[in-house]
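Here's the structure we're looking at; comments come further down.
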Amino acid sequence: MTDTADVTRIDVPGTHNFREVAPEGVRPGRLFRSDAIGQLGEAGRAAVADLGIRRVIDLRTPEESALTPDDLEGTGIEVVANPLFSGSIGSMLGGPISLGDLYLMMVGQSGAAIAAALGEIADADGGVLVHCTAGKDRTGVVVALALAVAGVDRETILTDYEATAGFLAGEWAERMLAGVRAHGVEPTPDLVELITGSPRAALESVFASIDEHGGLGAYLDQSGFDADARARLRAALQDGAGTAA
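Below you can see the structure in the form of structure tokens.
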């Protein structure tokens, strides 16, 4: 997969960026990603349950989750709160920062939380949905590293990430930018990209940094996700043979 047009969303009511992560080599029905799922409603809850999802990993901060709780009542789906870095709009207004810098801060400061999220994917009994607010930054990094462990080629991982901006364009993006203006800030082009963009260079910077510091295995070892844990994740995700990391 080398074209973002090959990446498609699932029409789950109440979401804009809900999709299955099942490129070649990854078992279908095992991993999903989304923006916030606080407005699913009855139809959305049924759609999520029908996908076979049994665990949701919420990467948002406690404050974000309290403001818009996951709308899963009555589904029996387990929700795991696993806060990963503060990527909310409020944190973005503190000063200029690029997406690449944000992601480098994330992998540098939140390795243990990333390891925990990967472990929750590996140990789930059924489909797993990973989400944050946009399903772009925190979700993008966790899903990218999960796919890398599963042996998915980097080009495919980057393409999956890059497709995100297209799904967020329109209603979702305008709502987020209106929230910025409500704080008295007029969005600059850089801030618009920070909130709504998914340029592959941002995720490439994560892989470049990891490569420069010993590779994926070394980074995950240091984060508490050792070779045995990575083997469990590969077993959970792989649909056939893959490359160890």
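Using the working numbering, read the sequence shown as starting at 267 and increasing by one per residue.
Quick reminder that beta carbons are idealized off the backbone N, C-alpha and C, glycines included.
Exclusion of the five residues before and after L503 leaves V292, R293, R296, L297, A412, A416 as the residues of its chain whose Cβ lies within less than 7 Å of its Cβ. With respect to S300, L395 sits close: the two C-beta atoms are nearer than 9 Å. Cβ-Cβ distances below 8 Å link P335 to G304 in the same chain, with the five nearest sequence neighbours on each side left out; the list follows chain order. Every beta strand (DSSP E) of 3 residues or more that sits fully in the region 376-451 is shown, in chain order, as 393-397. Counted as a single uninterrupted DSSP element, the stretch harbouring V292 is not any beta strand (DSSP E), since DSSP gives it neither H nor E. DSSP, read as helix, strand or coil, puts D494 in helix.
Beta-bridge analysis with DSSP links V345 to V322. No Cβ-Cβ contact shorter than 9 Å links T430 with A390.
Under the three-state reduction of DSSP output, S300 falls in the strand class. Cβ-Cβ distances below 7 Å link A302 to T334, H397, T399 in the same chain, with the five nearest sequence neighbours on each side left out; the list follows chain order. Measuring C-alpha to C-alpha distances from E440 to each of G463, L306, G366 identifies G463 as the nearest. Distance from the CA of A381 to the CA of R311, rounded to the nearest whole angstrom, comes to 28 Å. Beyond the five residues adjoining it in sequence on each side, P279 comes within less than 7 Å, by CB distance, of L306, G307, A309, G310, A313 in the same chain, given in chain order. Q305 sits in coil when the DSSP states are folded into three classes, being neither helix nor strand. Residue pairing by DSSP puts R285 in a beta bridge opposite R299.
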